[in-house]
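Take a look at the structure set out below.
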Amino acid sequence: MTNELKNEEFVLSTRPSDQSEIKSAWKLQSCPMPTITNDNEFIIKTLFVSVDPYLSSGLKKSALGGDTNAIGSVQISGLVGRVIESKNSDIPVDTIVTGRFGWRKYILANGTEPRFRIVQKSTEKNTIYDNIGSSTAIGVLGMPSQTAYYGILSVANTQPSDVLVVSGAAGAVGTIAGQIAKKIRGAQKVIGIAGGQKKCDYLVNELGFDAAIDYKEYNTKEKMVNRLKELAPEGITQYFDNTGGFVTDAVFDIIKRHGKIIICGQISTYNNSEEDPSKINIYPNYLAKTIYRGLSILGFVCGDFIHRNEEEFYKDMPVWLNEGTIKFQETFVDGFENLPRAYEMLFTGENIGKVVVRV
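Numbering (the UniProt record's numbering), first residue to last: 1 to 359.
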């Protein structure tokens, strides 16, 4: 059967120097169809591919975390696929699986790959994926939502007395982080920061944020500071940062003494030039402010927590979704060939929630 199929892959062809070059970073090329040679192997047909801001680290000459991608190497991220051929008795044909794999239409696997997990076997009925779709295995039931879950419950340890600001609040992580803080932990106030009135309305009217700020309207540090003071006169106690930039600079200026700053992402700086120092944001006086206000600054990545308490996430999140407590949205981009375009959307702000490429 697989002999009749044609395989394609995306490899890194150049290192983008700034945001304008993102789409040209990868090259789409033909590649051989995989062939099973061992009894534990199976072939996956890719259904959905995840694009996430952290991928930018591997595109640089010096990676922020982990290893940088070699020119000519296949890009790797989370994906969901269906098993179309198998010699693995535990993973029969038509099983839906997820894990970290290369950007290929057809993939040879054996179940030991990073983050590999069986999403649903063909014999399983009435699972949560029947209701919300298997694409959520790389979204609200995957790494982005886990990041929000651990970030709010374990790192921030948000309490009912907290006033929380979430930047990048309309993204895959921010939408869930704000909801967990408000609906699960009962935070006193949750303020989301997003780009555009449509996103701000969605945060408040659909997700239950107390307020939202359009950073395109309040587009300087001074404007942001004033708006935050208006919306949170009682003071900000926690900041869940997905973006960096002038928004973070503004929050640093006014967060309360002994406040907690959770650094989850810095998407506004990910595509800054490595060669031109003038394009790199340097946040002034952050360390001094940290000292004299007794601030806690905590950076984390999802991988710090997954192997310790992943079972808790998969116990809690399906319940919250079935109850309607936690809501989510996906932005689909159709076509394997459009993976670079989908990745670019993360930085142009065209998406709400998780960006998923539907192959």
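Where a beta carbon is used, it is the ideal one built from N, C-alpha and C, also for glycine.
For residue j and residue i, believed in contact at Cβ under 8 Å, the rounded distance
i	j	result
Ile-193	Ala-169	6 Å
Cys-264	Phe-300	7 Å
Leu-47	Val-359	6 Å
Ala-156	Phe-240	7 Å
Lys-183	Thr-325	5 Å
Arg-117	Val-93	That belief does not hold up - the Cβ atoms of Arg-117 and Val-93 are roughly 18 Å apart, past 8 Å.
Gln-29	Val-49	With 8 Å as the limit, Gln-29 and Val-49 do not qualify as a contact, their Cβ atoms being about 16 Å apart.
Ile-352	Lys-199	6 Å
Asn-7	Arg-104	6 Å
Opposing strand residues paired with residue i [DSSP bridges]
i	result
Asp-241	Ile-263
Cys-31	Asn-7
Val-166	Gly-192, Phe-240
Gly-81	Thr-46, Val-97
Thr-331	Val-355
Leu-12	Trp-26
residue 373	In this structure the chain extends from 1 to 359, so residue 373 is not present and cannot be described.
Ala-212	Gly-192
Ile-118	Val-97
residue 362	Residue 362 falls outside the range modelled here, since the chain spans only 1 to 359, and no answer is possible.
Ile-306	Beta-bridge pairing links Ile-306 to no other residue.
Gly-139	DSSP lists no partner for Gly-139.
Ile-255	DSSP output for Ile-255 lists no bridge partner at all.
Gly-171	Gly-353
Leu-295	In DSSP, Leu-295 forms no bridge with anything.
Ser-86	Phe-42
Ala-109	Phe-42
Option in the options with minimal Cα separation from residue i
i	options	result
Pro-34	Lys-23, Tyr-106, Ser-57	Tyr-106
Glu-350	Gln-197, His-307, Tyr-314	Gln-197
Ala-288	Phe-252, Val-319, Glu-311	Phe-252
Ser-161	Lys-260, Asn-242, Leu-228	Lys-260
Leu-203	Lys-229, Gly-186, Gly-174, Ile-184	Gly-174
residue 395	Arg-104, Thr-95, Pro-144	The requested residue 395 does not occur in the structure, where the chain is confined to residues 1 to 359.
Glu-9	Trp-320, Met-143, Ile-36, Pro-32	Pro-32
Tyr-54	Ile-76, Ile-44, Lys-45	Ile-76
Asp-18	Ser-50, Leu-59, Lys-354, Leu-228	Leu-59
Ile-71	Asn-38, Asn-110, Ala-25	Ala-25
Arg-227	Gln-188, Tyr-286, Gly-208, Val-165	Val-165
Leu-153	Arg-185, Ser-134, Ser-167	Arg-185
Ser-167	Leu-231, Ile-191, Gly-235, Pro-144	Ile-191
Gly-133	Lys-23, Lys-229, Asn-322	Asn-322
Ser-268	Arg-341, Ala-342, Glu-230, Leu-346	Leu-346
residue 412	Thr-290, Ile-44, Arg-257	An answer regarding residue 412 cannot be provided, because it is not within the stretch 1 to 359 covered by the chain.
Phe-42	Ala-342, Glu-113, Trp-103	Glu-113
Arg-15	Ala-250, Ser-57, Val-51	Ser-57
Asn-131	Asn-338, Tyr-343, Phe-209, Phe-328	Phe-328
Ile-84	Ile-176, Ile-262, Glu-344, Leu-108	Leu-108
Ile-180	Leu-207, Val-333, Lys-199	Leu-207
Gly-244	Met-143, Glu-230, Tyr-286	Tyr-286
Val-225	Asp-201, Ile-254, Asn-205	Ile-254
Gln-266	Gly-102, Asn-40, Asp-52, Ile-36	Asp-52
Ile-36	Gly-81, Arg-82, Ser-86	Ser-86
Ile-176	Trp-320, Ala-342, Val-356, Val-333	Trp-320
Glu-217	Phe-209, Gly-195, Glu-230, Asn-205	Gly-195
Lys-189	Glu-230, Lys-221, Thr-220, Asn-219	Glu-230
Gly-303	Met-143, Arg-341, Leu-339	Met-143
Asn-38	Tyr-129, Asn-110, Lys-221, Ser-122	Asn-110
Buried versus exposed call for residue i [16 or more other C-beta atoms within 10 Å across all chains shown]
i	result
Ser-89	exposed
Thr-237	buried
Leu-5	exposed
Asp-120	Here residue 120 is Gln; the residue named in the question, Asp, does not match the sequence. Gln-120 comes out buried.
Gly-178	buried
Asn-69	buried
Glu-21	exposed
Ser-278	Confidence in Ser-278 is poor, its pLDDT being 44 and thus under 50, which makes the residue's placement unreliable; the coordinate value appears in the next sentence. By the neighbour-count rule (16 or more Cβ atoms within 10 Å), Ser-278 is not buried but exposed.
Asn-242	buried
Pro-318	buried
Thr-348	exposed
Arg-308	exposed
Lys-27	exposed
Asn-73	The sequence as given places Ser at residue 73; Asn does not occur at that position. With fewer than 16 other Cβ atoms within 10 Å, it is exposed.
Pro-233	exposed
Lys-315	exposed
Tyr-292	exposed
Ala-187	buried
Thr-158	buried
Arg-257	exposed
residue 361	It is not possible to answer for residue 361, since the shown part of the chain is limited to 1 through 359.
Ser-135	buried
Phe-332	exposed
Gly-335	exposed
Thr-344	One point to set straight first is that residue 344 is Glu, not Thr, in the sequence displayed. With 16 or more other Cβ atoms within 10 Å, it is buried.
Glu-337	exposed
Thr-248	buried
Are the region 284-297 and the region 148-158 touching by the rule of at least three beta carbon pairs closer than 8 Å? no
Touching by the beta-carbon criterion (3+ pairs, under 8 Å), the region 205-221 and the region 127-140: no
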